[in-house]
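Trainee: First the structure, which I've put down as C-alpha cells, then a few questions once you've had a look.
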Amino acid sequence: CVYYRKKGILFSGDHILSSITPHLGTLVIPGAKEFNKKNNYENILEHYLNSLDKIDELKSKTILPGHEQIIYDPHARIIGIKNHHQNRLHEISKIIENKPMTPLNIALNHFGNDLDPMNRILATSETLVHLDYLEFQNEVKKKEENGIIYYWSEHPWERVEY
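So the sequence shown is numbered by UniProt numbering: it starts at 1 and just counts up by one.
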C-alpha cells in the first residue's frame with residue numbers, strides 16, 4: 001500500500017477491495033512451511049488482520065484499490081473485512097466440530113463440491129490459512145494419519161463483532 005498523507009488517500013492494490021476480499025492463501029509445496037516459519041510468516045491471516053488495523057489507524061479518507069470501486073468509507077470497509085474473516089473462522093470451526101476432516105474436504109464442504117480444479121486449489125489454500133489461524137489460537141486440533149492431515153474443533157469459534 002502507498003499512503004498519500006496530505007490528501008488522506010490510500011492506494012491499496014489488492015490489499016483492500018471494495019466488494020471482495022483478497023485471496024489469502026498458503027502455498028502447498030515442499031519447503032513452504034519451513035520458509036514461512038523461518039521468515040515469521042506462519043500465521044498469514046493474523047498478519048493480514050494486523051495490517052488492516054495499521055491501515056485503519058491512518059484514518060484514510062479514501063482508498064483507491066487496484067480494481068473495483070473506490071472506497072469512500074475505509075473504516076467501514078475494514079470492519080466489514082474483519083467481520084467476514086470472523087464469520088469464516090466460525091463457519092470452518094463449525095464444519096469440523098468433533099469431526100476430523102482434511103483441508104480439501106473442509107474447503108469443499110464450505111465452498112461447495114462443484115469447484116473446478118483451480119478453484120479447489122484456491123479454496124483449499126484459503127481454508128488452510130484459516131485453519132492455521134485457529135491452530136495458533138489453540139482452537140483446532142490437528143493430527144496426521146498415513147500422511148494425511150486432519151483438523152477438528154471441539155467447539156465453534158466465537159465470533160468477534162467489530
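We put the CB at the ideal spot given by N, CA and C, even for glycine.
Nearest to residue 97 by alpha carbon, out of 54, 73, 58, 158?
Mentor: 158
Trainee: Kindly provide the ranges of any alpha helix (DSSP H) runs that are 4 or more residues long and lie completely inside the UniProt domain "Metallo-beta-lactamase" (1-67), ordered along the chain.
Mentor: 32-38, 44-57
Trainee: As a quick exercise: from 26, 110, 104, pick the residue whose alpha carbon is nearest that of residue 47.
Mentor: 26
Trainee: Under a three-way DSSP split, which group does residue 145 fall into?
Mentor: strand
Trainee: Which of the three DSSP states, helix, strand or coil, is assigned to residue 248?
Mentor: In the structure as shown, the chain begins at 1 and stops at 162. Residue 248 is therefore absent and cannot be evaluated.
Trainee: Roughly how many angstroms separate the alpha carbons of residue 86 and residue 130, rounded to a whole number?
Mentor: 10 Å
Trainee: From the DSSP output, read off the bridge partner residues of residue 71.
Mentor: Secondary-structure assignment with DSSP links residue 71 through a beta bridge to 63.
Trainee: Would residue 69 and residue 18 qualify as a contact pair, given that the criterion is a beta-carbon distance under 8 Å?
Mentor: Yes, Cβ-Cβ distance for residue 69 and residue 18 is below 8 Å.
Trainee: Looking at the structure shown, is residue 126 part of a helix, part of a strand, or coil, going by DSSP?
Mentor: helix
Trainee: Can you check DSSP and say which residues form a bridge with residue 101?
Mentor: 151
Trainee: Just to confirm my understanding: we take residue 81, look at its own chain, exclude 5 residues before and 5 after, and list those with CB closer than 8 Å. What are they?
Mentor: 16, 21, 52
Trainee: Pull up the distance between the alpha-carbon of residue 148 and that of residue 102, whole angstroms please.
Mentor: 7 Å
Trainee: Taking 8 Å as the cut-off, decide whether the C-beta atoms of residue 9 and residue 64 are in contact.
Mentor: yes
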